[in-house]
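Residue numbers (our numbering), protein chains in the order written: chain A, 437 to 785; chain B, 437 to 785.
Using N, Cα and C, we set each Cβ at its ideal position, and we do this for glycine too.
Here's the structure we're looking at; comments come further down.
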DNA sequence: GGAACGATTGTGACCGGTCACATGACGCCC
DNA sequence: GGGCGTCATGTGACCGGTCACAATCGTTCC
């Protein structure tokens, strides 16, 4: 079943004749290079007859302005590099999508550089900076957050983060959603439903060091404490995926006291759902489950997953606006478009 | 619940003092700019004492080589732009991930440009080309495929496509998986299970025009015809998502003759599964369902989804190698790493 | 008729690197 | 001790654009 294939480039010997430059066009049109520059930049003071001649030369020579030379000479880059530890998880992918849309709308080109624990952060950052333009960081995890901290102070950047920045150093411009409040609301909702306590399966966090808790965990804990119940030990925290959720769900399913579970994201919830099903515990009959993020598949699971909708794309758009404000001195950032979070109740709770 | 926020850049008045250039470093170290160039390029013929002095100057001035100037002067870009109509659907995201990994490993920077039906393809392409470097196209859909066709012949590019290129014009270098054979195998498997026919819910396709069929549809049709059964009318073809699958699944669920459904991807299958569940038809008891792609959630659905695993990341890696071969004259492309397709049988069939 | 002005066009420096080549110092050999 | 090769370094052009400024021309105005 591997009749897959690939075609090789056709090597028809023709050397890749160098692209035409503005001086080539000038020569062909019988004008100076500066006049060509005026034409391609739509400068008003060019005689119609001249403009037409130059445009004809541009057409026949297939001239395209060299973006590298333009960037070097003008100092304008209109490009942005996104630093992120992941591109496929729903939250990251959706944020990236929002960033890309905003960048494209503004005429910026977008670079993506994935961060890995193996490679040297400082080297990565400096190579991204050397590319010109600004930096965007998706800081939902430790890797992203520490990349953000290491960006030199004079480099324009903006970030999407898990938690509002705090601390001694001047904060990097950033946007964030109120995850803590969202988790608190979801937990409170479960308690109102009559559950005596709510268990939590955590996603990894970007905040603090060691075993400190993410904002979603903090919100969950706060809701329980407000209701006077002692929070059980939170689970997970080492992975974002369904397998991790399944593993934790198996343990939780064995405990008949467990009747409500909040999950740090929808993939974990998916795994938890599956584990509960295997253990013969019905959802929402025996156990209520609420996820986080409202990934595209959440509403089509059986049972349909209750979850907290996050406007990752809005976050991405707003972060881009923040960066653009630093790159273009006369740019007036528009009002944030972030839509907030929303508890979406479906069948699983 | 919208106590979200964003911090603005701290404007501490200090003008963004221009970055140090190689000549600034030269002056500080008391050498010529060319010597500095030698040091940063690790040229052997530099006295140790001089090298140290220059390195010290680089350190104190915080010099970083300007990538734009480097690209202009050397003609080497080491950058690649990916043209794609989507970044979040599993197939696209996974391919992109493969591309990114390969690009990063090779020291290339990666740009992403999303194609939309609204904007002018030629303009998009020429702005991507102007950025220097090569072009990669993800051609799983009409938009991507037509972008690929419009790339000027002298621009280095490579693509990941749905179907092997054919036709009069010299083909662009491309990689693809054998979707047709994979669909045929999946359909044949369902027939072997005893189903009298197999229905198909299609994804959009990149091939042909109007209502022509994608490769997965062709494989499904071929398997049925080989078995001597007249293929029913295929469904869908207008969307990739679970909602589309749900809509088509509702219609299929109403027909008691339907006992086996092949879906063009796992999201469609998810919707179909949900619709069957709503209609009270059990899977796999009453109806068998097989998806396509093996998205991360497929194995955790209830019932766990049988599907065709695709090595999108391998496809991405191989396509990058193809492009790199064009960009670096002395680069010897390694053997393709694409792992082929595999029918993964789980609970839904 | 000439000064003033705006429109049109050209000239040369510059952005921050690289490249090709020149220069001077040194060691080695015959 | 002169010729030669190698090392270490400097000089100036160049990549393909932009920018600041100068030059030329035709109008208009007094």
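Q. Residue 595(A) lies in the beta strand (DSSP E); which residues open and close that run?
A. Looking at the DSSP string, the run of the beta strand (DSSP E) that includes residue 595(A) is 593-597.
Q) What's the gap between the Cα of residue 738(A) and the Cα of residue 710(A)? A) Between residue 738(A) and residue 710(A), the C-alpha separation is close to 10 Å.
Q. Can you give, in chain order, each stretch of the beta strand (DSSP E) that sits fully within the region 490-555 of chain A and has at least 3 residues?
A. Complete beta strand (DSSP E) runs here, min 3: 515-520 and 545-550.
Q: Reducing DSSP to helix, strand and coil, say where residue 575(B) ends up.
A: Here DSSP, grouped into helix, strand and coil, assigns residue 575(B) to strand.
Q) With respect to the beta strand (DSSP E) encompassing residue 743(A), which residues constitute its N-terminal and C-terminal limits? A) Segment 743-746, the beta strand (DSSP E) holding residue 743(A).
(Q) Excluding the 5 residues flanking residue 772(A) on each side, which residues of the same chain have their C-beta closer than 6 Å to its C-beta? (A) The residues are 754.
(Q) Just checking: is the beta-carbon of residue 533(B) within a distance shorter than 9 Å of some beta-carbon in chain A? (A) Output row for residue 533(B): interface = yes.
Q) Counting contacts by CB-CB distance shorter than 9 Å, is residue 565(A) in contact with chain B? A) Residue 565(A) counts as touching chain B.
Q.
Just to confirm my understanding: we take residue 723(B), look at its own chain, exclude 5 residues before and 5 after, and list those with CB closer than 6 Å. What are they?
A. Correct list, in chain order: 695, 712 and 717.
Q. DSSP beta-bridge partners for residue 778(A)?
A. In DSSP, residue 778(A) forms a bridge with 745(A).
Q) DSSP state of residue 656(B), grouped into three classes? A) Residue 656(B): helix per DSSP, three-state reduction.
Q) Using a C-beta to C-beta distance shorter than 9 Å, which residues of chain A count as neighbours of residue 545(B)? A) Here the neighbours are 517, 547, 548, 549, 563, 564 and 567.
(Q) Determine, for residue 679(A), whether the minimum Cβ-Cβ distance to residues of chain B falls below 9 Å. (A) Taking 9 Å as the CB threshold, residue 679(A) lines the interface with chain B.
Q) Is there a Cβ from chain A that is less than 9 Å from the Cβ of residue 701(B)? A) No - not a single Cβ of chain A is within 9 Å of the one on residue 701(B).
Q. Leaving out five residues before and five after residue 578(A) in sequence, what residues of the same chain have Cβ atoms less than 6 Å from its Cβ?
A. Excluding positions up to five away in sequence, the list reads 642.
Q: Compare the C-beta of residue 689(B) against all C-beta atoms of chain A and say whether one is closer than 9 Å.
A: At a cut-off of 9 Å between C-beta atoms, residue 689(B) does not count as an interface residue with respect to chain A.
**Q.** Whole runs of the beta strand (DSSP E) within the region 679-765 of chain A, excluding any shorter than 3 residues
**A.** Entirely contained in the region 679-765 of chain A, the beta strand (DSSP E) runs reaching 3 residues are, in chain order, 696-699, 724-726 and 743-746.
Q) Less than 9 Å separating the beta-carbons of residue 749(B) and residue 464(B)? A) In this structure, residue 464(B) does not lie closer than 9 Å to residue 749(B) by Cβ.
Q | CB contact check: residue 640(B) to chain A, cutoff 9 Å | A | Judged by the 9 Å Cβ criterion, residue 640(B) is not in contact with chain A.
Q: Mind checking the region 494-505 of chain A against chain B and listing, in chain order, the residues whose C-beta falls within less than 7 Å of any C-beta there?
A: Legend: CB atoms of the region 494-505 of chain A lying less than 7 Å from CB atoms of chain B belong to residues 500, 501, 502, 503, 504 and 505.
Q. Less than 9 Å separating the beta-carbons of residue 617(A) and residue 655(A)?
A. In this structure, residue 617(A) places its C-beta atom within 9 Å of the C-beta atom of residue 655(A).
(Q) Is residue 571(A) close to chain B? Criterion is C-beta to C-beta, closer than 9 Å. (A) Not closer than 9 Å to any Cβ of chain B, the Cβ of residue 571(A) fails to qualify, so no.
Q | For residue 523(A), the nearest candidate out of 697(A), 676(A) and 736(A) (CA to CA) | A | Among 697(A), 676(A) and 736(A), the Cα nearest to that of residue 523(A) is on 676(A).
**Q.** Cα-Cα separation between residue 457(B) and residue 481(B), rounded to whole angstroms
**A.** Computed Cα separation, rounded: 22 Å.
Q: Within the same chain, show all residues whose beta-carbon is closer than 7 Å to that of residue 573(A), passing over the 5 residues directly before and after it, in chain order.
A: In chain order, 519, 580, 583, 584, 593 and 595 place their CB closer than 7 Å to the CB of residue 573(A), counting only its own chain and leaving out the 5 sequence neighbours on each side.
Q | Contacting positions in the region 724-736 of chain B - beta carbon closer than 7 Å to chain A | A | Taking 7 Å as the Cβ-Cβ cut-off against chain A, the residues of the region 724-736 of chain B that qualify are 732, 733 and 736.
Q. Which residue comes first and which comes last in the alpha helix (DSSP H) that contains residue 610(B)?
A. Counting along the chain, no alpha helix (DSSP H) covers residue 610(B); the unbroken beta strand (DSSP E) around it starts and ends at 610-612.
Q: Check each candidate in 761(A), 782(A) and 783(A) and name the one with the smallest Cα separation from residue 539(A).
A: Scanning 761(A), 782(A) and 783(A) for the CA closest to the CA of residue 539(A) turns up 761(A).
Q. So, is the C-beta of residue 456(B) closer than 9 Å to a C-beta in chain A?
A. Chain A, which has no Cβ nearer than 9 Å to the Cβ of residue 456(B), makes this no.
**Q.** Supposed close pair residue 504(A), residue 567(A) - CB separation, criterion 8 Å
**A.** Not a contact, Cβ separation roughly 11 Å.
(Q) If distances are taken between C-alpha atoms only, which option among 685(B), 513(B) and 548(B) comes closest to residue 542(B)? (A) Of the listed residues, the one whose Cα sits closest to residue 542(B) is 513(B).
Q) Which bits of chain B does residue 536(A) rub up against, with CB to CB less than 9 Å? A) The CB of residue 536(A) comes closer than 9 Å to the CB of 523, 548, 549 and 550 in chain B, given here in chain order.
Q: Determine the direct distance from the alpha carbon of residue 629(A) to that of residue 756(B), and round the result to whole angstroms.
A: Computed Cα separation, rounded: 53 Å.
Q: Report yes or no: is there a C-beta of chain A within less than 9 Å of the C-beta of residue 740(B)?
A: The beta carbon of residue 740(B) falls within 9 Å of a beta carbon belonging to chain A, placing the residue at that interface.
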